[in-house]
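Residue numbers (UniProt numbering): 1 to 634.
Right, here's the structure in full:
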């Protein structure tokens, strides 16, 4: 039976999951196809396609060459930092991946071994990932430029057979040397003898000559014997990815081979409406889950062309950078974070630079990583004239929990909502006691078990921590840690992390709801609302806003405007009176605002700056604004 609508597909996925996912699995090339979809024998540690055998790298590359698409572009590298563009066909990328897999194998990497990849946004990062998968090994990509202490923690946890890195990464105003960081990380991890393989880049001081025994990428490739794909069980791990914001012992999300390939292949066709020959650009980094799923694996599993961009939304050279990339590579689908759109809007509020580029190839703009505020949604919709689709997911899930399935059925778009649950995600809204809440009421967003294919199977080396972290709060459910509500049409509205719910004089209020209201003000580029300790009311909301470029408005006038907006849309019960204008908000590199850190600073508590922060200097700039307490506009 072939389904042709969202509701048909969703119902079938939860009522007949075996049939639904075995049918989806037919889009993948198997050495030995699965005959059963779900193994529940170790519940709640579920496994998908337990009797299937495949190789993910083969499905991403070799399969398309065998089917006659070897001459099609697979990967386009666009470096705004270097002014460089490179194109790799499927045949060329397959050969490079096979040769690098041979280089890894020649240095002792085999099936099941781990390879830590610490790379900038260059083609070799994707090649290293795919080559590791080709050998049946397990990659763990660490965001290039992470501090040695954080890299060391991941090396300690993954116990890799090799580290793959590059000379460094290029930022608009600086170059970041990677090799000293890798050396320090190996020392901190008490693993100085782990082999290191380095892709040399021009303009960096440190080289492999500074480190005895370290290997050069180009020399290794010149002498390698290409490796053929190694078969693995569908349940074998493909990669480990450590969650952003981790402190202490890192949490390594484990993704399997089979469920991952099936789920991502399904999403490209049914969510993104992307197929062979289409061009998809995901403006993220391979260090994040978005980069894993939709820069590297997803587009290639679907036979599409993927764009890898080394640059920023603004400053490389200006706020027209994204439009230039769309024009140059005839991009059909763009996937980025709302924070990138806000940065562009702040620098170019009327999108005047857009007029210089032909972006007529663009069909859809997708956003994720944080809530897409309604103001940015309307702005992007207006300037681009294409559907702007928010969708919501997590590192742990690997693909969208809720989305608008554009390839399956183009559902109406509602500003502020990532639309509806995707097949296999049994989404529920529960109160603190685990009781289902009414439509429109806010509560804990949870997912009934089992989770669908492609989601995390466990945490690396720690099943107990996986269960205690995600599966204990609500019976037979995965706790997302987010709060929200569903409207009468079943659309989800994610309001924020559950720790962003504040209690003002006994009233539970969402800081996310206040942010949506504040974001409507024409002077506000972006904002954060946090709950501060209050001796009388328990907590009180305090707003921090970044102004749009060129806006000149007295802070007291802005504060009065925002207080009035919150009182109008949420009510006096919110007790919103405090507004501070700041130059920037502290964020992770994936775009999430560090509200918890801001709250700790403002309340005078001990705080630790997460390793994933984009710009540590922002914290220093905020100390004065946060600690004395903002002006009262009420």
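Note that the Cβ used here is the ideal one computed from N, Cα and C, for glycine as well. Values in this document were obtained by computation on a predicted structure and should not be read as measured data.
query                                                                                                                                                  : result
Starting from residue 240, follow its DSSP beta bridges and name the residues at the other end.                                                        : 254
Check the C-beta distance from residue 514 over to residue 529 and give it rounded, since I have them as a contact under 8 Å.                          : 4 Å
Take residue 55 as the anchor and find which of 468, 235, 330 has the nearest alpha-carbon.                                                            : 235
Below 8 Å CB to CB, which residues in the same chain sit around residue 603 once its five sequence neighbours on both sides are set aside?             : 532, 533
In the structure shown, what three-state DSSP assignment does residue 224 receive?                                                                     : coil
Which class does residue 97 belong to by DSSP, given the choice of helix, strand or coil?                                                              : helix
Give the DSSP-derived three-state secondary structure of residue 19 in the structure shown.                                                            : helix
Tell me which same chain residues have a C-beta within less than 8 Å of the C-beta of residue 34, skipping the five on either side of it?              : 22, 25, 49, 50, 51, 52, 234, 258
Specify, as a first and last residue, the run of the alpha helix (DSSP H) that residue 46 falls within.                                                : It is not in any alpha helix (DSSP H) - residue 46 carries neither H nor E in the DSSP assignment.
Does the Cβ of residue 468 have 16 or more other Cβ atoms within 10 Å, making it buried, or fewer, making it exposed?                                  : exposed
Rounding to the nearest angstrom, what Cα-Cα distance links residue 106 and residue 547 in this structure?                                             : 54 Å
At the level of alpha carbons, what is the spacing between residue 298 and residue 415?                                                                : 26 Å
Mind checking which residues open and close the beta strand (DSSP E) that includes residue 278?                                                        : Taken as a continuous stretch (DSSP letters only), residue 278 belongs to no beta strand (DSSP E), as it is neither H nor E.
Would the segment 220-228 and the segment 180-195 be scored as touching if the rule is three or more Cβ pairs under 8 Å?                               : no
To the nearest angstrom, how far is the alpha carbon of residue 207 from that of residue 381?                                                          : 47 Å
Using the DSSP secondary-structure output, state which residues sit across from residue 429 in a beta bridge.                                          : 445
Answer yes or no: do residue 521 and residue 303 have a C-beta to C-beta separation smaller than 7 Å?                                                  : no
Based on Cα-Cα distance, which residue from 609, 476, 560, 489 lies nearest to residue 46?                                                             : 476
Among 397, 151, 181, 620, which has the Cα closest to the Cα of residue 455?                                                                           : 397
Rounded to whole angstroms, what is the Cα-Cα separation between residue 597 and residue 524?                                                          : 22 Å
Residue range of the alpha helix (DSSP H) that residue 468 falls in?                                                                                   : 463-470
If you scan the segment 48-125 from start to end, which runs of the alpha helix (DSSP H) of 4 or more residues do you find wholly inside it?           : 63-66, 90-106
Which same chain residues end up closer than 6 Å to residue 128 when comparing Cβ atoms and leaving out the 5 residues on each side of it in sequence? : 117, 164
Beta carbon of residue 280, beta carbon of residue 121: below 7 Å?                                                                                     : no
On the three-state DSSP scale, how would you describe residue 436?                                                                                     : strand
Given this structure, state the Cα-to-Cα distance separating residue 306 from residue 260, to the nearest angstrom.                                    : 18 Å
What does the alpha-carbon distance come out to for the pair residue 28 and residue 60?                                                                : 10 Å
How do the segment 417-431 and the segment 195-213 stand: do at least 3 beta-carbon pairs fall below 8 Å, yes or no?                                   : no
Please report how far the alpha carbon of residue 325 lies from the alpha carbon of residue 93, in whole angstroms.                                    : 21 Å
Locate the alpha helix (DSSP H) running through residue 204, then write down its first and last residues.                                              : Looking at the DSSP string, residue 204 is not in any alpha helix (DSSP H), and its letter there is neither H nor E.
Cutting at 6 Å between CB atoms, please list the residues of its own chain near residue 343, excluding the five before and the five after it.          : 313, 314
From the DSSP secondary-structure annotation, give me the bridge partner or partners of residue 541.                                                   : 531
Under three-state DSSP, which class holds residue 399?                                                                                                 : coil
Measuring alpha carbon to alpha carbon, tell me which residue in 563, 179, 252, 125 is nearest residue 239.                                            : 252
Helix, strand or coil: how does DSSP classify residue 712 here?                                                                                        : Nothing in the structure corresponds to residue 712, since the chain is present only between 1 and 634.
By the three-class DSSP mapping on this structure, what secondary structure does residue 623 have?                                                     : helix
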